[in-house]
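Chemist: Position in the sequence shown (first residue = 1) + 838 = my numbering.
No residue lacks a Cβ here, since even glycine has one placed at the ideal position from N, Cα and C.
As the structure is a prediction and not an experimental result, all values here were calculated from the model.
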Amino acid sequence: MLERNIKDLQRSHSALQLLIQALQARDEADALAIVKHLRQGADLDSIIRHLQAGDLLLQLHLAPEARFRYEFPYRPQMPGCLLTSDNPYLRSLIYEATFLPTEQASQQSSYLPRNNDFKSPYLKPYMAATVVDPRFDIIKPSQWTNVSKDDELLRSILKLYFLYEYHFFGAFHKDLFLDDMLSGSTEFCSSLLVNAVLAISCNCCRNLDDRTQFWDPHTLGYKFAAEARRLWELEVLDRSSITAVQAAMVMNITYNLYAMDKVGMAYGTQAVTLARELKLFDSVQWRTKREWIGYGFTAWSLYFWHEMLPPVFTSSLKRSTGNTAARRQFRVRMVRAKCEFSIIMNHVATDLFGDKDIGIKEVSQEKLTNYLSDLKTWYTSLPAMLVPADIVYPFQFNLHLLYHIVAMNVSETLVHAKDSKISTQPRGHIQLISDQSRRYFETIMRLYYLRHGFAVPDGHMSHALVLLSYQGLTMRQTVSPPGSSPTSVNMPLEEARSTLVLGTKGLDEQGANYYLPLAVLRVIQNEMWPEDRNLLQQYIKQREEDEETRQQRETYMRSQYPVGLNTLTRRSDGRRLDRLQKGFVTLAKEKAQTPASSFVSHYGNIYESSS
839 MLERNIKDLQ RSHSALQLLI QALQARDEAD ALAIVKHLRQ GADLDSIIRH
889 LQAGDLLLQL HLAPEARFRY EFPYRPQMPG CLLTSDNPYL RSLIYEATFL
939 PTEQASQQSS YLPRNNDFKS PYLKPYMAAT VVDPRFDIIK PSQWTNVSKD
989 DELLRSILKL YFLYEYHFFG AFHKDLFLDD MLSGSTEFCS SLLVNAVLAI
1039 SCNCCRNLDD RTQFWDPHTL GYKFAAEARR LWELEVLDRS SITAVQAAMV
1089 MNITYNLYAM DKVGMAYGTQ AVTLARELKL FDSVQWRTKR EWIGYGFTAW
1139 SLYFWHEMLP PVFTSSLKRS TGNTAARRQF RVRMVRAKCE FSIIMNHVAT
1189 DLFGDKDIGI KEVSQEKLTN YLSDLKTWYT SLPAMLVPAD IVYPFQFNLH
1239 LLYHIVAMNV SETLVHAKDS KISTQPRGHI QLISDQSRRY FETIMRLYYL
1289 RHGFAVPDGH MSHALVLLSY QGLTMRQTVS PPGSSPTSVN MPLEEARSTL
1339 VLGTKGLDEQ GANYYLPLAV LRVIQNEMWP EDRNLLQQYI KQREEDEETR
1389 QQRETYMRSQ YPVGLNTLTR RSDGRRLDRL QKGFVTLAKE KAQTPASSFV
1439 SHYGNIYESS S
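1. For the stretch 1211-1230 against the stretch 977-987, do three or more pairs of beta-carbon atoms, one drawn from each stretch, fall closer than 8 Å, so that the two count as touching?
2. Going by Cα to Cα distance, which pick from Gly1132, Tyr1377, Leu1072, Pro1400 is closest to isoleucine 1080?
3. On a Cα-Cα basis, can you pick out the residue from Glu1280, Thr1281, Asn1247 that is closest to isoleucine 1268?
4. Hey, quick one: how far does the beta strand (DSSP E) through valine 969 stretch, first residue to last?
5. Would you tell me roughly how many angstroms separate the C-alpha atoms of phenylalanine 1179 and leucine 876, rounded to the nearest one?
6. Are the CB atoms of valine 1088 and leucine 1031 within a distance shorter than 9 Å?
7. The alpha helix (DSSP H) with tryptophan 1143 in it runs from where to where?
8. Between alanine 1097 and the rest of its own chain, which residues show a CB-CB distance below 6 Å, the 5 nearest in sequence each way excluded?
9. Taking contact to mean 3 or more Cβ pairs, one atom from each stretch, closer than 8 Å, check whether the stretch 1282-1290 and the stretch 994-1001 are in contact.
10. Given a threshold of 16 other Cβ atoms within 10 Å of its Cβ, counted over all protein chains shown, does proline 914 qualify as buried or as exposed?
11. Below 8 Å on the Cβ atoms is my guess for threonine 1337 versus glutamate 1250; work out the distance and round it to an integer in Å.
12. Here's the rule I'm using: 16 or more other beta-carbon atoms within 10 Å means buried, otherwise exposed. How should histidine 851 be labelled?
13. Is the beta carbon of leucine 1498 sitting closer than 9 Å to the one on alanine 1137?
14. Could you compute how far the alpha carbon of tryptophan 982 sits from the alpha carbon of glutamate 1003?
15. Taking just the CA atoms, how far does valine 1230 sit from isoleucine 932?
16. Can you round the beta-carbon distance between alanine 1034 and alanine 1066 to whole angstroms, since I take them to be within the 8 Å contact cut?
17. Should glutamine 1376 go down as buried or exposed, given a rule of 16 or more other Cβ atoms within 10 Å for buried?
18. Can you list, in chain order, the residues of its chain with a C-beta nearer than 8 Å to that of serine 980? Leave out the 5 residues immediately preceding and following it.
19. For proline 1400, which of helix, strand or coil comes out of DSSP?
20. Mapping DSSP to helix, strand and coil, what is proline 1450?
21. For proline 1451, which residues from the same chain have a beta carbon less than 6 Å from its beta carbon, with the 5 sequence-adjacent residues on both sides left out?
22. DSSP state of proline 1264, grouped into three classes?
23. Is it right to say glutamate 1333 is buried, meaning 16 or more other beta carbons lie within 10 angstroms of its own, or is it exposed?
24. Give the single residue among Thr1312, Val1253, Val1244, Lys1343 whose Cα lies nearest to the Cα of arginine 1284.
25. Glutamine 859 and proline 972 look like a contact to me (Cβ under 8 Å); what is the Cβ gap, rounded to whole Å?
26. Starting from the N-terminal side, write out each stretch of the beta strand (DSSP E) that is 3 residues or longer and does not extend beyond the stretch 1323-1367.
27. For the putative contact between arginine 1276 and glutamine 1309, defined by C-beta atoms under 8 Å, what is the C-beta separation to the nearest angstrom?
28. Could you round the C-beta distance between proline 1226 and tyrosine 964 to whole angstroms and report it? I think they count as a contact, below 8 Å.
29. From the DSSP secondary-structure annotation, give me the bridge partner or partners of arginine 1414.
30. Measuring only between beta-carbons, confirm whether leucine 1306 sits less than 9 Å from chain B.
31. Do serine 1307 and leucine 1345 count as a contact pair if the criterion is CB distance below 9 Å?
32. Where does alanine 820 sit, in a helix, a strand or coil, going by DSSP?
33. Specify, as a first and last residue, the run of the alpha helix (DSSP H) that arginine 1114 falls within.
34. Of the choices Tyr1399, Ala1350, Pro1400, whose alpha-carbon is the least far from that of asparagine 1045?
35. Pick helix, strand or coil for tyrosine 908, following the three-state DSSP scheme.
36. Tyrosine 1141 to cysteine 1177, Cα distance in whole Å?
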């Protein structure tokens, strides 16, 4: 009881500190409004919560700058195949604000059922944003890590996590984490979790030129990761805790981006084990509202994350995602949409991959057709802030990308089924669903690039860029196979190259932040035709490796990432990233010893055997 009273006093003291700071720092109008609320008897905690956290849309302030948009590399036009009347993403505010001329945007905006004023987020890239939260001015991360005592540096790195990584794959409740870091409580903050977060945040820090060299013990990211590993061994042996579950999730994602997902998956598996020990997935009564919020948020985050992977859950969670009032909040609506989507994904993954001894299971076409229907229902029921017409932030784009990726995979699996009829749906109808999602997927990717560019750190974007690149490769093969005449194409060659260049340029730019996209880019470049590789060199930064760096990379890569697959049931063993990387290293050595014609022949055979 005494310990709890002390914690309450610490939190109350922190709240008063924040209130005083807000009164000192805010302009006169804001300060008077705060005083007015206090005199009217408003709860101090609610005022502080509004000031320091509030709505996500209010926290992301964009630095003043002129209207700006990126331009597509190679070919500036939007491909004609995407400009269809049924494409909802072309009737969006972000398309008008970034792609159409002002006059055309005025005419086109009449199609929108909502206010079409081009507000700041629709006109500026996400990299112009900063996180505004008074707690970052007074927290002392140095008290939670032995790597550095420079609080200014640590705060700036920590902010990057909440700006770039947190929103789509957040493992913990931000407010509880920062409140406890401020008060010194270890309920929802720990040295293990802080070091894990700082490790992944280093990937987002553009001032760290060596941030992708995860194997180098001199890099800051390596030091935070090593400290997190040390603390992990100590903490997990001692006891299970919610912060250990959260840290394991963060470390899982970090190692995936290092192209070491075999290591990362071990942390993900242990996160589930610890969560079950804590009864995180059970319907239990928690002692406090903070526990209910913190444990519930982490439970759904873990559930969502593991739907990206072979299933570890055989049923949906029983937890509520919040009361009606909470669901009106921007952030909670986003979380709820992710949770509902993860339930559908859980059903798909359990049916296809639920038995590890069997591998990929045979699933009835009727079930897969029903999953497509469930996905469509989810999509058409999205809340207003997530509909295609209004998306603007990267994490909103990512949710739509994920939907279309899953829809493409399920429909392609059905299209390749043996029977000519697919349940009650003709094969042609399912193919139309696949083609539609493919068009919408590329449209979203292009709008993302026009508004934000691909240099913005975004761990989820790497996978989408791989798919876009292979979509371009497939189009390239279709419109102009080797030896064909340019007049024989059934789709403009320039548009196919435009897609290929955009996807691979994106991997190159993300490769400045994470090692995984850089490793996949090397594989894709080896699969491109020489003229396309030469074309790409005009748009990417060629990163030369010395022999020592190359050996370090080959030594530490432990990735089962499946490169270039587009169906759920196709075996991926031959397309695993580490196997492809080793294969191309072998071919490169042979190339130096064999004539070019022999190399091309050998390369073709290797590629066919791995696909």
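Modeler: According to the data block:
1. no
2. Gly1132
3. Asn1247
4. 967-969
5. 41 Å
6. yes
7. 1127-1144
8. Tyr1353, Leu1354, Ala1357, Met1395, Ser1397
9. no
10. exposed
11. Rounded, the Cβ-Cβ distance is 18 Å, inconsistent with contact.
12. exposed
13. The shown model of the chain, from 839 to 1449, leaves out residue 1498, and the question about it has no answer.
14. 20 Å
15. 6 Å
16. 4 Å
17. exposed
18. Ser986, Lys987, Asp988, Asp989, Leu992
19. strand
20. Outside the shown range of the chain (839 to 1449) lies residue 1450, about which nothing can therefore be said.
21. Residue coverage of the chain in this structure runs from 839 to 1449, which leaves residue 1451 outside it and unanswerable.
22. strand
23. buried
24. Lys1343
25. 6 Å
26. none
27. 7 Å
28. Not really, about 18 Å apart at Cβ, beyond 8 Å.
29. Pro1400
30. Note that chain B does not occur in the displayed structure, where there is just one protein chain.
31. yes
32. Nothing in the structure corresponds to residue 820, since the chain is present only between 839 and 1449.
33. 1099-1115
34. Ala1350
35. coil
36. 8 Å
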